[in-house]
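**Student:** Numbering (UniProt numbering), first residue to last: 1 to 466.
Beta carbons: idealized from backbone N, C-alpha and C, even for Gly.
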Ligand SMILES: C[S@@+](CC[C@H](N)C(=O)[O-])C[C@H]1O[C@@H](n2cnc3c(N)ncnc32)[C@H](O)[C@@H]1O
C-alpha cells in the first residue's frame with residue numbers, strides 16, 4: 001500500500017514519461033485503462049523500496065548455506081525479538097532474499113527533528129542507519145541519546161546546518177542521536193560515522209553496513225541476474241566496459257571460478273579504486289581494473305604495434321562483453337523525487353550508442369554481448385535494441401537464462417518475438433504490497449514477490465554471428 005507520495009518529477013519529465021507509457025503500441029496491446037493504471041502504479045512504486053533486500057554470496061570463499069547461517073546470526077543481533085526469514089533464490093542459487101518489512105504505521109513523532117539528504121533517506125528505507133555526512137539539519141537542542149524523528153529532504157532544498165526546515169520533507173522513521181547538533185555542525189573537519197541509529201524506520205530491513213565483509217555483496221536482484229545471463233566460462237577473456245563499483249565485475253569473476261581474465265573499465269579514477277577494493281575484499285585475482293573512457297577502447301594503431309595489457313584493445317579480442325551502461329537511473333527505488341531535467345534524461349541515448357558500437361568492435365565473432373540499464377525509458381532500452389539490430393547485421397538477439405523479469409515493452413517497433421527475448425524488470429507490473437514477515441504465506445509467494453517487486457531494470461543479450 002502506498003504510504004509515500006508518488007515520485008515527484010519535473011513537469012517536462014512527467015509529460016515525456018507519460019507519452020512513453022501511453023505510446024500507440026502499448027495502448028493497442030493493453031488498452032487505455034490498463035495503460036493509465038500502469039503509469040500511476042509506476043510513479044507510486046518508484047517512491048517505495050522493493051519488498052526484498054538481496055544478498056549475493058561470494059561462493060568462492062563460502063557455501064550459500066554457511067553464509068545463510070552467518071547472516072541469520074548477524075541479523076539476530078540487530079533484531080533479537082523478530083524472526084527475519086532468509087531464503088535462497090530457487091533460480092539464482094548464489095542469491096539470498098530478505099524481506100523488507102513495512103510500511104509500518106508509526107504514530108509517534110518526536111519534537112527533535114533531523115533532516116537528511118534524499119540519498120541518505122533512500123538508504124535508510126533500505127535498512128541503513130543515518131551517517132553524519134547525510135544530515136542536513138538538526139533541531140537546535142539535539143544532544144546525543146535524544147530520541148529523534150527523521151525526515152528526507154526530497155527536493156534537495158534544505159540548507160546544511162539549518163536549525164529547522166519547512167520545505168517538502170517526508171517522515172521516514174524514528175531513531176536515537178549518537179551525536180549532538182554541535183558535534184555534527186560546529187566542527188572544522190568533516191564528521192564521520194553514524195549520526196542517528198534508526199530504531200523504527202517506516203520500512204525496516206537489517207543494516208548490512210560492514211556485515212560479513214568478503215563473504216557477501218549487497219546487490220539488487222536484477223543486477224545479479226545480469227552476470228548469469230552473460231554466462232562467463234572459466235578461462236575466457238571478458239570485458240566489463242562500465243564497471244564501477246564492481247558489483248557485476250566481481251560476480252562475473254566468481255562465476256568464472258576466478259580463472260581467466262576479467263577486464264574492468266570505468267572513466268572515473270576514484271570509482272576504479274572501488275572496483276579494486278571490492279575485487280581484493282572478495283579475494284578475486286583474475287580482475288584487472290583500468291581508468292579509461294570506454295568509447296575509445298578500440299586500438300586504432302596499425303598491426304604490429306606493441307599492445308600492453310590494458311586499454312585500448314585489439315578489435316575482436318573478447319569472448320564476452322558486458323555493457324552495463326551509464327543511464328538515467330529512473331528504475332532506482334526508492335526515489336521520492338527525480339531532479340533530472342528532460343535534457344539530461346534524454347542525453348544518455350547517444351553515449352550508450354557510442355559505447356555499444358565499441359563493444360561490437362571488441363567482441364570476437366561467436367562472442368556474447370549483454371547490454372543492461374537500471375532505467376525504465378524506451379529510449380535507453382528497447383529503442384537501443386531496435387537501433388542495434390538495424391545498425392549491426394552481425395548481431396542476433398539471444399534467449400536469456402534465467403529469464404525472471406517480464407518481456408520488453410512495446411513502443412520501439414520490435415517484433416513480438418524480439419520483445420519476448422528481452423528482459424524488463426518493470427515495477428509497474430505489480431501492485432504495491434505491505435510486507436509482514438509473519439504473513440508471507442508460502443515460499444512460492446515470497447519468491448514471486450521478490451522477482452516482481454524489484455528496481456526497474458533492462459537486459460538484452462546478443463550473439464555476434466561468426
Ligand atoms: C551503471 S554504472 C555501472 C555499475 C556497475 N556495472 C556495477 O554493477 O557495479 C555505470 C558506470 O559507467 C561509468 N561510465 C560512464 N561513462 C563512461 C565511459 N565513457 N567509459 C567508461 N565508464 C563510463 C560511470 O562512471 C559508472 O560508474
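Mind checking which residues open and close the alpha helix (DSSP H) that includes residue 117?
**Tutor:** As a position in the chain shown, residue 117 is number 117, starting the count at 1. First-last for residue 117: 113–117, but that is the beta strand (DSSP E), not the alpha helix (DSSP H).
**Student:** In whole angstroms, what separates the C-alpha of residue 385 from that of residue 112?
**Tutor:** The count along the chain shown starts at 1 and reaches residue 385 at position 385. The count along the chain shown starts at 1 and reaches residue 112 at position 112. Spanning the two alpha carbons is a distance of roughly 51 Å.
**Student:** Starting from residue 290, follow its DSSP beta bridges and name the residues at the other end.
**Tutor:** The count along the chain shown starts at 1 and reaches residue 290 at position 290. Paired residue(s): 265.
**Student:** Is it the case that the Cβ atoms of residue 380 and residue 328 are separated by a distance below 8 Å?
**Tutor:** The count along the chain shown starts at 1 and reaches residue 380 at position 380. The count along the chain shown starts at 1 and reaches residue 328 at position 328. Yes. Within cutoff.
**Student:** Determine the contact status of residue 153 and residue 101, defining contact as a CB-CB distance below 8 Å.
**Tutor:** Residue mapping note: residue 153 aligns to position 153 of the chain shown, counting from 1. Residue mapping note: residue 101 aligns to position 101 of the chain shown, counting from 1. In this structure, residue 101 does not lie closer than 8 Å to residue 153 by Cβ.
**Student:** Quick one: using the 10 Å Cβ neighbour count with 16 as the cut-off for buried, is residue 282 buried or exposed?
**Tutor:** By 1-based counting over the chain shown, the position of residue 282 is 282. When all chains shown are included, residue 282 counts as buried.
**Student:** Any idea what DSSP makes of residue 371, helix, strand or coil?
**Tutor:** Counted from its first residue, the chain shown places residue 371 at position 371. Looking at residue 371 - three-state DSSP - the assignment turns out to be strand.
**Student:** To the nearest angstrom, how far is it from the Cα of residue 279 to the Cα of residue 251?
**Tutor:** Residue mapping note: residue 279 aligns to position 279 of the chain shown, counting from 1. Residue mapping note: residue 251 aligns to position 251 of the chain shown, counting from 1. Approximately 10 Å between the Cα atoms of the pair.
**Student:** Out of 10, 52, 5, 3, which has the shortest C-alpha to C-alpha gap to residue 340?
**Tutor:** Position 340 of the chain shown, counted from the start, is the residue given in the question as residue 340. Nearest option by C-alpha distance: 10.
**Student:** Can residue 57 and residue 216 be called in contact, C-beta distance under 8 Å?
**Tutor:** The sequence position of residue 57 within the chain shown is 57, counting from 1. The sequence position of residue 216 within the chain shown is 216, counting from 1. Yes, they are a contact pair.
**Student:** Can you grab the Cα-Cα spacing for the pair residue 39 / residue 376, in whole Å?
**Tutor:** By one-based count along the chain shown, residue 39 stands at place 39. By one-based count along the chain shown, residue 376 stands at place 376. Their backbone Cα atoms lie some 11 Å apart in a straight line.
**Student:** Around ligand 1, what residues have a beta-carbon under 6 Å from a heavy atom of it, in chain order?
**Tutor:** The set, ordered by position in the chain, is 223, 242, 243, 244, 245, 246, 247, 248, 265, 266, 267, 268, 271, 293, 294, 295, 324, 326.
**Student:** Name, in chain order, the residues that DSSP records as bridge partners for residue 204.
**Tutor:** Looking up residue 204 in the chain shown gives position 204. DSSP, once it has assigned bridges, lists 101 as partnering residue 204.
**Student:** Confirm, please, whether the CB-CB distance from residue 175 to residue 142 is below 8 Å.
**Tutor:** Here residue 142 is taken as the residue at index 142 of the chain shown, counted from 1. Here residue 175 is taken as the residue at index 175 of the chain shown, counted from 1. No. Outside cutoff.
**Student:** What are the boundary residues of the beta strand (DSSP E) that residue 461 is part of?
**Tutor:** Start at 1 with the first residue of the chain shown, and residue 461 comes out as number 461. Segment 457–464, the beta strand (DSSP E) holding residue 461.
**Student:** Select from 177, 195, 136 the residue whose C-alpha is nearest the C-alpha of residue 165.
**Tutor:** The residue you call residue 165 lines up with position 165 of the chain shown. Measuring from the Cα of residue 165, the nearest candidate turns out to be 136.
**Student:** Tell me the residue span of the beta strand (DSSP E) that contains residue 449.
**Tutor:** Along the chain shown, read from residue 1 onward, the residue named residue 449 stands at position 449. Per DSSP, residue 449 belongs to no beta strand (DSSP E); it is in the alpha helix (DSSP H), 443–452.
**Student:** Taking all protein chains shown into account, do 16 or more other C-beta atoms lie within 10 angstroms of the C-beta of residue 394, making it buried, or fewer, making it exposed?
**Tutor:** As a working mapping, residue 394 is identified with position 394 in the chain shown. Residue 394 is exposed by the Cβ-count criterion.
**Student:** Using the rule of at least 16 other Cβ atoms within 10 Å of the residue's Cβ for burial, across every protein chain shown, is residue 205 buried or exposed?
**Tutor:** Here the question's residue 205 lines up with position 205 in the chain shown. Per the 10 Å Cβ criterion, buried.
**Student:** Identify which residue in 105, 108, 87 has its Cα closest to the Cα of residue 98.
**Tutor:** Start at 1 with the first residue of the chain shown, and residue 98 comes out as number 98. Of the candidates 105, 108, 87, the one whose C-alpha sits nearest the C-alpha of residue 98 is 87.
**Student:** Whose C-alpha, out of 106, 127, 35, is nearest the C-alpha of residue 333?
**Tutor:** In the chain shown, the residue the question calls residue 333 occupies position 333. For the residues 106, 127, 35, the minimum Cα distance to residue 333 belongs to 127.
**Student:** Just mark residue 32 as buried or exposed, buried being the case when its beta carbon has 16 or more other beta carbons within 10 Å.
**Tutor:** Looking up residue 32 in the chain shown gives position 32. Burial call: exposed.
**Student:** Check the DSSP bridge columns for residue 19 and list the partner residues they point to.
**Tutor:** Numbered from 1 along the chain shown, position 19 holds the residue referred to as residue 19. Partner(s): none; residue 19 has no beta bridge.
**Student:** Should residue 382 be labelled buried (16 or more other beta-carbon atoms within 10 Å of its own) or exposed?
**Tutor:** Along the chain shown, one-based indexing puts residue 382 at 382. Buried, because 16 or more other Cβ atoms sit within 10 Å of the Cβ of residue 382.
**Student:** Given a cut-off of 8 Å on the beta-carbon distance, is the pair residue 244 and residue 286 in contact?
**Tutor:** As a first step, residue 244 is located in the chain shown; it is residue number 244 there, counting from the start. As a first step, residue 286 is located in the chain shown; it is residue number 286 there, counting from the start. Cβ distance not < 8 Å, so residue 244 and residue 286 don't count as in contact.
**Student:** Return the bridge partner residues of residue 317 from the DSSP annotation.
**Tutor:** To locate residue 317, count along the chain shown from 1; it is residue 317. Paired residue(s): none; residue 317 is not in a bridge.
**Student:** What does a CB cutoff of less than 6 Å around residue 157 pick up in its chain, not counting 5 residues either side in sequence?
**Tutor:** To locate residue 157, count along the chain shown from 1; it is residue 157. Cβ within range, chain order: 167.
**Student:** Among 373, 363, 64, which has the Cα closest to the Cα of residue 349?
**Tutor:** Stepping through the chain shown from its first residue, residue 349 is reached at position 349. It is 373 whose Cα lies nearest to the Cα of residue 349.
**Student:** What first and last residue would you give for the beta strand (DSSP E) that runs through residue 138?
**Tutor:** Start at 1 with the first residue of the chain shown, and residue 138 comes out as number 138. Looking at the DSSP string, the run of the beta strand (DSSP E) that includes residue 138 is 135–138.
**Student:** Identify the continuous beta strand (DSSP E) that holds residue 7 and give its terminal residues.
**Tutor:** Along the chain shown, read from residue 1 onward, the residue named residue 7 stands at position 7. Where residue 7 is concerned, there is no enclosing beta strand (DSSP E), given that its DSSP letter is neither H nor E.
**Student:** If you draw a straight line from the alpha carbon of residue 41 to that of residue 336, how long is it in whole angstroms?
**Tutor:** Indexing the chain shown from 1 puts residue 41 at position 41. Indexing the chain shown from 1 puts residue 336 at position 336. The alpha-carbon atoms of residue 41 and residue 336 are separated by roughly 14 Å.
**Student:** Three or more beta-carbon pairs under 8 Å between the stretch 227–243 and the stretch 356–370, yes or no?
**Tutor:** Touching, per the Cβ criterion.
**Student:** Taking C-beta to C-beta, are residue 259 and residue 106 nearer than 8 Å?
**Tutor:** Position 259 of the chain shown, counting from 1, holds the residue named residue 259. Position 106 of the chain shown, counting from 1, holds the residue named residue 106. Going by C-beta atoms, residue 259 is not nearer than 8 Å to residue 106.
**Student:** So, does the stretch 69–80 touch the stretch 175–191, judging by three or more C-beta pairs under 8 Å?
**Tutor:** Result no; under three Cβ-Cβ pairs closer than 8 Å.
**Student:** Beta-carbon separation of residue 297 and residue 311 under 8 Å?
**Tutor:** As a working note, residue 297 is residue 297 in the chain shown. As a working note, residue 311 is residue 311 in the chain shown. In contact: residue 297 and residue 311 (Cβ atoms closer than 8 Å).
**Student:** Under 8 Å Cβ to Cβ from residue 345, same chain only, skipping five residues before and after it: list those, please.
**Tutor:** Locating residue 345 in the chain shown gives position 345, where the first residue counts as 1. For residue 345, where only same-chain residues beyond five positions count, the Cβ hits under 8 Å are 13, 16, 328, 330, 377.
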